[in-house]
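Please read the structure below before turning to the comments.
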Amino acid sequence: MQQTRTFKDKFFLVLKGLAMGAANKVPGVSGGVVAYVAGFYEEFIYSLQKVNYKAFLLLLNGKFKSFYHYINGKFLSLLILGMLISYFSVSKILDYLIDRFELYVWSAFFGMIIGSIYFISKSFKLKSLSNLLFILFGIIAGVAISLMEPATENDNLWFVFLCGVIGVSGMTLPGLSGSFILILIGNYVLLLVDSVNALFDTLTDIAKLDFSFTQNTERINLLKVLTSFTTGSVVGLVTLSHVLGYVLKHFKNTTNAIIIGFITGSLGVVWPWKEKVFKTESNGNFLKDANGNLILDNYDRYLPHLNEISTWVAIVFIILGILIVVGLERYGNKNVKVNG
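Here the sequence shown stands for residues 19 to 358, numbered as in the numbering used here.
Put into C-alpha cells, the structure is as follows:
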C-alpha cells in the first residue's frame, strides 16, 4: 500500500490531514468521508493496521527505522501533522465561521456529503437484495443517531477514555460523525473545545516561560482529560482499523453499502436550516454545564424560505460543497494513476 510521493503529494497529504481534522471537529461531518473521497482511505486503514505486535517488537528492539517503514510512517506522520495543525488553526476558524455564518457552513458541508454519496455510489454495485438491506440499515442507523437526545457532561477519566475510543469513529467510519457522537455523549464542549483550548493556552504559557498554570487545578484537570481522550482515540483508531481492514478485504461491497447508508442518514444531522435547542429546567431556565456553557438538547429543523436571499446563498454553498468533493475525487483519481 505504500506509495512513492513527490513534494507536491506530501504537501497535499498535509492539507488532507487539515481537512480531516477540521471535518472531525464539526458535528455531523465525518473525517473518514474526506479520506474516502480524496482517495487515501484504504491506505489510511491498512497503515493503521500495521500498528500491531510486530511493530511493537521492532520498537522495543530499537529498530526505529524499520518500525517507521513498517507502519508507513511517512504517510501517517504527514497526515497526523495536518490534523494537529488543524486543531489549533482551521478548527478554530471553523468555530468562528459556524458562530457567525452557521447556515452557510452547514450548507457547504451538506453539499460535500451529497457529493460524497454520489462519489461512493459510482463504484458501488448493487449485486443483491442483502446489499440494499445494508444500505437501508445504514440510513436507519444514521437517522436514529441524529434523533437521539444528548447526555450531560462527564469528566471521569475512564469515561473520557471511552469517549476517545468512540469519538475517533469519525476518522475510520465514513458517514459516522465522531464529534456528533460526542455531543450525544455530552462531552463535545469538554473534549473538543475546553481541553484543546487548555492545551493551546498551556503551550503559549510555556513559550513565555510562565509555569503558573501548574497551580491552576482547572487547567491541570483539563490537560488530564485531554491526555485520557487522546489515549482512548489512539487505542480506538488502531482497534477499529484492524476490524475495518478485515471487512474491507473480505466484505468490501457490503461495507460500502453500509457506508452509503450511514452517509445518507447523516444528511439529517447537517441539514442547513435548523436551530439549536438547549436543555431547560422545570422552571424554564437554561441548563448549563460546569463551565457555564448551555447544554445542547438537539436541533429544530425547518424547510427553507425561497423568498429569502440567505436561502439562495445557502444553495450556492451547497453547490460549492459538491464541487469541492468533485475536485477532491479528480485529484484522488489522478494521484492513483500517477502512482499506479
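Cβ coordinates follow ideal geometry from the N, Cα and C atoms, glycine included. Owing to the predicted nature of the structure, the values given are computational and were not obtained by experimental measurement.
With H, G and I counted as helix, E and B as strand and the rest as coil, what does DSSP make of residue i?
i	result
V331	helix
V295	strand
F119	coil
D363	As shown, the chain starts at 19 and ends at 358. That puts residue 363 outside it, with no answer to give.
D228	coil
F58	coil
F269	coil
Are there 16 or more other CB atoms within 10 angstroms of the CB of residue i, so buried, or fewer, so exposed?
i	result
K26	exposed
N357	Legend: pLDDT at N357 = 48, less than 50; position of this residue unreliable, value from coordinates given subsequently. Exposed, by the Cβ-count rule.
V243	buried
A363	Limits of the chain in this structure are 19 at one end and 358 at the other, which puts residue 363 out of reach.
N90	buried
Y320	exposed
V44	buried
D117	exposed
D173	buried
F62	buried
L31	buried
G80	exposed
E171	buried
N205	buried
L112	buried
V186	buried
V108	buried
Just to confirm, is the Cβ distance from residue i to residue j under 7 Å?
i	j	result
G39	S104	yes
S195	V47	yes
T329	L262	no
F85	A73	yes
L209	L202	no
K130	G339	According to the sequence displayed, residue 130 carries Met and not Lys. Yes; because the gap between Cβ atoms is below 7 Å, this pair is in contact.
F106	F229	no
G345	F247	no
G188	G49	yes
Taking residue i as the reference, give the member of the options with the closest Cα.
i	options	result
I158	V47, G279, F247, P290	G279
W124	E60, P290, G302, F106	P290
I342	D223, L210, I132	I132
I327	M130, F137, Y122	Y122
V252	F30, S230, L180, F137	L180
V288	F198, D117, Y71, E171	F198
F152	S134, K28, G283, F218	G283
N42	T249, V211, L324, L241	V211
A162	Y206, K92, V344, L285	L285
I138	D113, K92, A56	A56
F128	I337, F30, G345	I337
F177	V51, F93, T249	T249
F58	G182, I135, P192	P192
V51	L76, H260, L94, I281	I281
S134	A53, V186, L154	A53
F29	N205, V265, F93	F93
L241	K267, V214, F296, K292	V214
T245	D318, L77, L175	L175
F269	A126, G185, K143, K294	K143
E293	L305, V265, I184, P322	P322
V331	I184, L154, E120	E120
With hydrogens ignored, establish whether the beta-carbon of residue i is closer than 6 Å to any heavy atom of the ligand NAD.
i	result
L150	You won't find the ligand NAD in this model; it holds no ligand whatsoever.
Segment contact, 8 Å Cβ cut-off, at least three pairs: the region 243-259 with the region 55-70: The region 55-70 and the region 243-259 touch, with three or more beta-carbon pairs separated by less than 8 Å.
Does the pairing of the region 27-38 with the region 98-112 give three or more beta-carbon distances under 8 Å? Touching, yes, given that three or more Cβ pairs across the two stretches are closer than 8 Å.
Could you tell me whether the region 271-281 touches the region 146-161, where touching means 3 or more Cβ pairs closer than 8 Å? Under the Cβ criterion (8 Å, minimum of three pairs), the region 271-281 counts as touching the region 146-161.
Any contact between the region 233-241 and the region 207-224? By contact I mean 3 or more CB pairs, one from each, below 8 Å. Output reads yes: the region 207-224 touches the region 233-241.
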